[in-house]
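Positions -24 to -1, 1 to 257 (mature numbering (1 follows the signal peptide of the UniProt record, and there is no 0)) are the ones given, in order, by the sequence shown.
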Amino acid sequence: MMSLRKALVAATVCSLAASGAAWCQTSPSETAPSSPPSVYKPTVGQSGKDVVWVPTSQALVDRMLDMVKLTPQDRLVDLGSGDGRMVITAAKRGATARGIEFNPDMVELSRQAAKAEGVSDRARFERADIFQSDFSDATVVTLFLLPDLNLRLRPTLLNMKPGTRVVSNTFMMDDWEPDESVQAVQGCGGHCSAHKWIVPAKVAGTWSLGDREMVLTQKFQKIEGSVRGKGGSAPITEGRIEGTRISFMVGNERYTGEINGTAMQGKTERGTPWRARLRQL
């Protein structure tokens, strides 16, 4: 009678534990014959550290990597890498890819999937907090996070090397407008839009432009300002930065060029070379 009661109590405890994704151990005489451990299977909508898990469709994964023009020379990091599909797909395209994920079960699942796909040498996964991780060497950053988390990450992203490409599933970066947005239709059942940003070089300040002075203000990839000289002042319009590339209008003439730290140079649309250097305070 006592043995039966103990068995019933053990079964009840195990049943309750199972509902909380836990496990229960009983004595050998009270257990059924052992069976192989079950493979971890994530559930759409399961809770995570900062968000619930919803996988990005493979169709959108492919589209996002197309947007950033991923190459084998790229170093991609996926922030909140889930089941690893973004990292694995990038590795299959030849890139070096890294996934940062807080859930250890997801990390192990991703490692096993990378091994099965034969890309373990290029696809690396680590259990870590994305807000405590250093990914400054990445050339491509992918994410599927809520807007408030994107906003928390935004200062870090803007301090990355100019030209770094950032692409997000669905959610934006508040008033940092994307450089490109696309929609994946075929093979995507939900959360089918993607937005890309290119980290802009920082150019706000006063520059010497030949014998003239160029004053620039900057809001993300957009710039405004004026060019001043002996003949007066002309406004800068249609100013835009794409990584280290700069383009703007002075009066009726367009200037395009390349930014290299405290210097920039290029040509006007008439083919006239120009150079500018940032004045040190």
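Think of the CB as a built atom: it goes at the ideal place given N, C-alpha and C, for glycine as much as any other residue.
Distance CB(residue i)-CB(residue j) smaller than 8 Å
{"i": "Gly219", "j": "Thr232", "result": "no"}
{"i": "Ser109", "j": "Ile64", "result": "no"}
{"i": "residue 259", "j": "Thr238", "result": "Residue 259 lies beyond the range of the chain shown here (-24 to 257); nothing can be said about it."}
{"i": "Ala252", "j": "Trp183", "result": "yes"}
{"i": "Arg128", "j": "Phe111", "result": "no"}
{"i": "Gly58", "j": "Pro31", "result": "yes"}
{"i": "Leu41", "j": "Cys164", "result": "no"}
{"i": "Leu133", "j": "Val142", "result": "yes"}
{"i": "Ile235", "j": "Val226", "result": "no"}
{"i": "Ala92", "j": "Ala73", "result": "no"}
Three-state secondary structure (DSSP) of residue i
{"i": "Phe120", "result": "coil"}
{"i": "Phe107", "result": "helix"}
{"i": "Arg39", "result": "helix"}
{"i": "Asp50", "result": "coil"}
{"i": "Thr65", "result": "helix"}
{"i": "Glu84", "result": "helix"}
{"i": "Lys91", "result": "helix"}
{"i": "Asn79", "result": "coil"}
{"i": "Thr146", "result": "coil"}
{"i": "Pro211", "result": "strand"}
{"i": "Asn126", "result": "helix"}
{"i": "Gln194", "result": "strand"}
{"i": "Pro9", "result": "Reliability of the predicted coordinates at Pro9 is poor, the pLDDT of 47 falling under 50, and the value obtained from them is presented with this limitation in mind. It is coil, neither helix nor strand."}
{"i": "Pro131", "result": "helix"}
{"i": "Gln256", "result": "coil"}
{"i": "Gln34", "result": "helix"}
Spatially closest choice to residue i from the options, by CA coordinates
{"i": "His171", "options": "Leu185, Arg39, Ala35", "result": "Arg39"}
{"i": "Thr146", "options": "Leu125, Ala177, Asn135", "result": "Leu125"}
{"i": "Lys178", "options": "Ala114, Gln194, Arg98, Asp50", "result": "Gln194"}
{"i": "Met148", "options": "Ser169, Met136, Thr47", "result": "Ser169"}
{"i": "Met136", "options": "Gly166, Pro176, Ser33, Leu122", "result": "Pro176"}
{"i": "Phe78", "options": "Ile222, Asp105, Glu189, Leu46", "result": "Asp105"}
{"i": "Gly152", "options": "Gly166, Ala160, Val158, Pro131", "result": "The residue you asked about is not Gly; residue 152 is Trp in the sequence shown. Per the Cα distances, Pro131."}
{"i": "Asp97", "options": "Lys68, Glu84, Arg103", "result": "Lys68"}
{"i": "Arg204", "options": "Gln197, Pro48, Glu189", "result": "Glu189"}
{"i": "His167", "options": "Leu119, Ala180, Pro138, Ser209", "result": "Leu119"}
{"i": "Pro80", "options": "Gln88, Arg103, Ala66", "result": "Arg103"}
{"i": "Ala222", "options": "Ala180, Gly208, Ala66", "result": "For the record, residue 222 in the displayed sequence is Ile; it is not Ala. When each option's Cα is compared against that of Ile222, the closest is Ala180."}
Cβ distance (whole Å) where residue i is taken to contact residue j below 8 Å
{"i": "Met43", "j": "Glu156", "result": "6 Å"}
{"i": "Gly201", "j": "Leu192", "result": "4 Å"}
{"i": "Pro18", "j": "Met82", "result": "6 Å"}
{"i": "Leu55", "j": "Val117", "result": "7 Å"}
{"i": "Ile199", "j": "Ile174", "result": "Not confirmed; about 14 Å, so no contact."}
{"i": "Ala114", "j": "Leu52", "result": "6 Å"}
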